[in-house]
Every structure is written in structure tokens, then in C-alpha cells.
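Heads up: the protein sequence lines correspond to chains E and C, in order. Start counting the first sequence at 1; every next residue gets the next number (the working numbering). Start counting the second sequence at 1001; every next residue gets the next number (the working numbering). Virtual Cβ for every residue (Gly too), placed ideally from N, Cα, C. Presented below is the structure to which this report refers.
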Amino acid sequence: MFNRISFNLIQVATVMVFAPLVSGVLARLKERVQSKRGPSIIQPYRDLWKLFHKDEIVSEDSSWIFRFTPYIVFVTPVFVTLLIPVLTNYPLFFAFMGDMLGGGFVLALGGFFATLAAVDSANPYGPIGASRTRMVGFLAEPVFMIVFFTVSFVAGSTIPYIVQEKWVTPLANFFMPSHVLLVLAFLMLILAEGGRIPVDNPTGHFELAMIDESKSLEYSGRGLALMKWGGQMKMFVLMCIFLNVLVTPWGLAGTQSLAAVLLAIPLVLFKIFCFLLVLVVIESSLSKLRLFRISEFLGAAFITSVAAMIAQVFLP
Amino acid sequence: MSEATNQLLENLNALAGGLFLLTAFGMVAMRQARGCLNLFIGQSLLLATSAALLGLRYHSVHLYGVAVVNLISKPLIVPWLLRKTSPEEVYTRREVDQALNIPTSLLIALALVVLAYFLGLPLSNAVEPEFRGPNVSIGIAGLLLGAYTLTVRREAVPLLLGILAMENGAFFAGIAISRDLPMLVELAIATDGLIIVFIMGVLTRAVQKHVGTTAVGGLASLKEAAVEPGKGEVSGK
């Protein structure tokens, strides 16, 4: 009992501590691919440190939503971390508080408040970005649903800990068409939800072309730090769901000892590093899609997920 | 062979089927002629993979034959022939127009796939259990999607690839139903496909020479021009 609570807290600490590192490594890798030196991999930590020590300026015309949003954006990924397998392959104390749909809803809550806050400040660029995020969001929603339903159809459960067992017992299950197609669809979803390149340019600073970035335009100081850290944690959590539940359910702690759980941290980070390499290849070889092409990209993701569902449901 | 290996082979075959279906979707959605060609090559490779896996699973030499014939004729000779016969303009132009916009045609394609499964399931349930597999339904889906590509495309080379995709789909269903197809039939079909490519390629070149484009959808609006007697030829534009 005490063990399980403490492991759960170790999970949360892992996500909080290593999320900025992941985004730093990703930025560095991208620059290296383009033959540039790039910022240090601990630059995101320095940014957060600097922002936490700066004054925060809040517009007089904004309401309480604007002030509360950074905390909500920061807290929602932490909540989801309690539900999903980050380090262990057995359910921890809070794992049955909600299933994957619940986790999806909690993550969506953060996005919802970020959108409201962007509209709340009277900055004209905020609402543009917010409405675009909603557009991407509502196109991604059906894909999310079909992925979840197919996964739960295969595994007979929506608790992620049970799902991850299913894909590797026996190992032949790993090559089921529904599994591979789901992985493809979820990868496209991560690109869309995380604001990565074919959908949105995370390093772009041109306001008219922004999608995800423009929601934090009005924030400064501590609020901006929390928004950034929250965004990095959301990406980390999505990658954990993708890698630990869908793609590679290996390398997690199987026993209830502290050493095994601590050993799982470098293994999980290694998996994430391998995924970052794939992500860098995708980001460096594609160009950003025009806004109205995004529906085609997510349409392709939808088709992939429905193909996975058909292949599963009509299994002769 | 052990039960686990058989299971693995069947799953790998099903995976090839799933990816086959995805390439068929891709050929409906792809904008560039070159991309269509690459998807077609991928689809043919998956067909050959599936034939080889089924051959391994059921110890059938004929299926290895199908795999080899497919491996040589479609991914290698078809692109080479197309390059030789059809004009370069097909590949340099990026945007290929369609009768419907892409999300709509993807949704229609999805409905066709569901239809294919409804047709394919009774068929594969009617045969003996060892012949069951995803191949029949996916093959019918490939056939229907190829036909659909033929309907919505207005460009010569993607139209041709639609025909070839239909043939791929028929093959994909065929290798699961009849494991002992004589080699002669394989070779005949493969040669047939190559002849289709050759004729269509030459035809495309002729169309491009006379009309100036390979967007054959526009040919529907061509009008007969009045020719004064003794005044030479008609320009088609």
C-alpha cells in the first residue's frame, strides 16, 4: 500500500523532472540534423528558472480564467501521470481512478482552459490560434475515440495497464494488423496534438502562422513558466502512453522493489530517446502543411484507425 | 511447423493485408502521380510478401512462384515501362485534380471497404477453415478501391495505376483461395498487365502530343471545331 503510493509519486516526479529535458534534447537533435550547434539540452530548465524569477504582468481586462489557466495546464498532465504506466507494468495506487478515456478527458480539460484563456486576453492573435487549435482538436477527436474503442475491444478493458499486456502475450500479437495500424494512427495523433511539424511548427514565431504557440502569447513570468512546463509534461505523458502502452511495453518494472522502479527510469528515457530520433526524422523531412490540408492529414489518421478497427472486428 | 510459428506467419500475413489496404487508400488520396506510383510499388511488394508468407505457411511452391512473378513484373518493369512510354510532364506536375475533394473521397472509400468486408466474410466463411484469412475481404476491398480510383481520377497515369491496383486486389484475394494455381496463369496475367501498361503509356503520350496535357478529365469538354474545306488540320485545344 505505502509502496504503491510512493511509486506513484516517483512516477509524477519523473515526469516533472524529465519533461523539460526531453524537449531540450529534441530541440538540440533538430538543430544537429540541420548542421547547427543548437542550444544546450538543459536550456529548458534555465528558461523555466529564469521565468519563475521574473515578474508577471496580467492584463487588467482579463478575468479569473486567465489567472487560473496556468495552474490547470500544469496540473492536468500530473493527474494523468497517476493513471498511466510510466515506470511499472502493474497498476499503482491511483490507477483505477480512471481509464484511458478519463485520461483523455483530463488532458482535454487543460486544452479547453488554455483556449478560453487565449480568448480571454484581448490579444487578436490568441483567438486565431485558439480557434485553429479547436479545428485540429475536433478533427483529432474521432481518431482518438476509434483508437480507444479498438484498443479496448482487443484487450477487453480500457485500463492501460491491462492493454499493454495484451500486445505481447503471445509475441505474435505484436504483429496483428490492428496493432500496427493503431500505432500509425496514434503517431499521427501525437504529431497533431503535440503541435509537431506536419501540423504546426513548434519553433515558429510568426504570429499569423501559429497554432499551438499563440495560446501562451499573453503570459509572462511564472504563468508562462507553468504553461511551458505543462506543455512539455503533456508531450511526455503522450509519449509514455504511446511507448509504454502501445508500441514497446518492455523495460518497465515488474516487481515491487524500489531498485526495479528506479532502474526503469533510464530504460524509459532510453525508449523516449529512440522515439525522439524518429520524431526528428519526421520533423526534418516534412514541411508544415497548409491550414486546410490539416483535415487531409487527420483524415488519413482517421482512415488508418478505422482500417485497424475493421481488421479487428471482421477477423474471420 | 509449430503452432506459435504458424500463428506468427498468419499475423504477419494479416499485417501485410492491413498495409495493403492502407496503400489502396493512399492511392485514392495521393495528389502526385509520382506518389501514386510509389504507393503502387509498395502495394505490389506487400502482395508478393503475402504470397510468400502464405506459401511458407501452407508449403505451396506455386505461391512462391506468384511472389517471384509479382516481385519482378510490378515493382520493377511497370515503373520502367511507364517511364519509357509516358511523357515526363506527368511526373513534374505536382497537383493532380480529382472529381471530388480528398476527405470526401476518403470517406466514400471507407464505405466501400466496409461493403467489401460484408461481401468477403460470407465468402471466406463458406470455404474450409484453413482457407480462411483476411485476404479475401482485403482483396475485394483493393478491387473496389481500384475501381473507385478509376472513377474519380482525371489524370492518365493514376487511372492506369487504378486498373493495376484492381488487378492487385484480385490477386490478393486469389492467392488465399486457390493455392495451386498453375504457373502459366500467373505468367499470362503478369504479361497482360505489362501490355496494358505499354498501351496506356503510348496512348498517354499520344494524348499529350495532341491536346498538350495528360489531364484526361478535360477531354470531356472538347468540342468539334468547324473546319473549312481544304484548310488543314484541327488543333484540339
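Exercise for the section: Please check if any C-beta of chain C sits within less than 7 angstroms of the C-beta of isoleucine 303 of chain E. Expected result: yes
Problem - Proximal residues to lysine 1237 of chain C (C-beta, below 8 angstroms), its chain only, five neighbours per side dropped - result: Caution applies to lysine 1237 of chain C, whose pLDDT of 43 falls short of 50 and renders its modelled position unreliable; the model cannot decide the point.
Exercise for the section: Mark threonine 1204 of chain C as exposed unless 16 or more other C-beta atoms lie within 10 angstroms of its C-beta, in which case mark it buried. Expected result: buried
Problem - Contact set between tyrosine 1117 of chain C and chain E, taken where Cβ atoms lie within less than 7 angstroms - result: Among the residues of chain E, those whose CB is under 7 angstroms from the CB of tyrosine 1117 of chain C are Ile310 and Phe314, following chain order.
Exercise for the section: Decide if histidine 205 of chain E is buried, meaning its Cβ has at least 16 other Cβ atoms within 10 Å, or exposed. Expected result: Label assigned to histidine 205 of chain E: exposed.
Practice task
Would you mind telling me which residues of chain C sit closer than 8 angstroms to serine 317 of chain E, beta carbon to beta carbon, in chain order?
Solution key: Residue 317 of chain E lies beyond the range of chain E shown here (1 to 316); nothing can be said about it.
Practice task
With 7 angstroms as the limit, tell me which residues of the segment 1058 to 1083 of chain C have their beta carbon closer than that to any beta carbon of chain E; keep them in chain order.
Solution key: So the list is empty, because no residue satisfies the distance condition.
Practice task
May I ask which residues mark the beginning and end of the alpha helix (DSSP H) holding glutamate 1186 of chain C?
Solution key: 1183 to 1211
Practice task
Could you name the residues of the same chain whose beta carbon sits closer than 6 angstroms to that of alanine 225 of chain E, not counting the 5 residues immediately before and after it, in chain order?
Solution key: Leu48, Leu51 and Phe52
Handout entry: Boundaries of the alpha helix (DSSP H) in which glutamate 218 of chain E is found, first to last residue
Key = That residue, glutamate 218 of chain E, is in no alpha helix (DSSP H); it is neither H nor E in DSSP.
Handout entry: Sequence ranges, alpha helix (DSSP H) only - wholly within the segment 1145 to 1182 of chain C, length at least 4
Key = 1156 to 1177
Handout entry: Residues bridged to alanine 1098 of chain C (per DSSP)
Key = The sequence as given places glutamine at residue 1098 of chain C; alanine does not occur at that position. Glutamine 1098 of chain C pairs with C/Arg1153.
Practice task
Could you list which residues in chain E have their beta carbon closer than 7 angstroms to that of glutamine 1098 of chain C, in chain order?
Solution key: Neighbours of glutamine 1098 of chain C on chain E: none; closest Cβ ~12 angstroms, over 7 angstroms.
Problem - Span of the alpha helix (DSSP H) around serine 152 of chain E - result: 125 to 155
Handout entry: Residue-chain proximity (glutamine 1043 of chain C, chain E), Cβ-Cβ < 7 angstroms
Key = Cβ-Cβ to chain E under 7 angstroms: no for glutamine 1043 of chain C.
Problem - Contacting positions in the segment 199 to 218 of chain E - beta carbon closer than 9 angstroms to chain C - result: none
Practice task
Pull up the DSSP beta-bridge partners for threonine 88 of chain E, would you.
Solution key: Its beta-bridge partners are E/Ala253.
Handout entry: Given 8 angstroms, three or more beta-carbon pairs between the segment 274 to 289 of chain E and the segment 189 to 196 of chain E
Key = yes
Practice task
Leaving aside the five residues before and after histidine 1059 of chain C along the sequence, list all residues of the same chain whose C-beta is less than 6 angstroms from its C-beta, in chain order.
Solution key: none
Handout entry: Cβ neighbour criterion (16 or more within 10 Å) applied to methionine 227 of chain E
Key = buried
Practice task
Kindly indicate if chain E contains any beta-carbon less than 7 angstroms away from that of glycine 1142 of chain C.
Solution key: no
Practice task
Starting from the C-beta of proline 85 of chain E, find all residues in its chain whose C-beta is less than 7 angstroms away, skip the five residues before and the five after it, and write them out in chain order.
Solution key: Pro160, Tyr161, Gln164, Asn244, Val245 and Leu252
Practice task
Using a Cβ cut-off of 9 angstroms, pull out every chain C residue sitting near valine 180 of chain E, in sequence order please.
Solution key: Leu1015, Gly1018 and Leu1019
Handout entry: Secondary structure, beta strand (DSSP E): runs of 3+ residues fully inside the segment 161 to 189 of chain E
Key = none
Handout entry: Contacting residues, own chain, Cβ-Cβ under 8 angstroms from valine 306 of chain E (five flanking each side not counted)
Key = Ile146
Exercise for the section: Rounded to whole angstroms, what's the CA-CA distance from isoleucine 1079 of chain C to serine 1105 of chain C? Just pull it up for me. Expected result: The sequence shown places proline at residue 1079 of chain C, rather than the isoleucine named in the question. Roughly 26 angstroms between the two C-alpha positions.
Problem - Cα-Cα separation, alanine 1099 of chain C to isoleucine 241 of chain E - result: One C-alpha to the other measures close to 40 angstroms.
Exercise for the section: Anything in chain C within Cβ reach of alanine 155 of chain E, meaning under 9 angstroms, just list it in chain order. Expected result: Correct list: empty, because the minimum Cβ distance to chain C is about 16 angstroms.
Handout entry: Closer than 7 angstroms to chain E by CB, phenylalanine 1171 of chain C
Key = no
Practice task
Within the same chain, show all residues whose beta-carbon is closer than 6 angstroms to that of methionine 1200 of chain C, passing over the 5 residues directly before and after it, in chain order.
Solution key: Leu1160
Problem - Min CB distance leucine 1047 of chain C to chain E below 7 angstroms - result: For leucine 1047 of chain C, no Cβ of chain E is located within less than 7 angstroms of the residue's own Cβ.
Exercise for the section: Please confirm if the segment 295 to 310 of chain E is in contact with the segment 1004 to 1016 of chain C, defined as three or more CB-CB distances below 8 angstroms between the two stretches. Expected result: Here the segment 295 to 310 of chain E does not lie against the segment 1004 to 1016 of chain C, with fewer than 3 beta-carbon pairs under 8 angstroms apart.
Exercise for the section: Taking the CB atoms as reference points, tell me whether alanine 140 of chain E and threonine 69 of chain E lie closer together than 7 angstroms. Expected result: The Cβ atoms of alanine 140 of chain E and threonine 69 of chain E lie no closer than 7 angstroms to each other.
Handout entry: Rounded straight-line distance, which links the Cα of alanine 1126 of chain C to that of alanine 1176 of chain C
Key = 13 angstroms
Practice task
Say yes only if the C-beta of serine 1178 of chain C is nearer than 6 angstroms to one or more non-hydrogen atoms of the ligand HEM, and no if none qualify.
Solution key: With respect to small molecules bound, the structure shown includes none, and the ligand HEM cannot be examined in it.
Handout entry: Beta-carbon proximity list for phenylalanine 235 of chain E, same chain, < 6 angstroms, skipping 5 on both sides
Key = The identity of residue 235 of chain E in the sequence shown is methionine, whereas the question assumes phenylalanine. The answer, listed in chain order, is Gly194.
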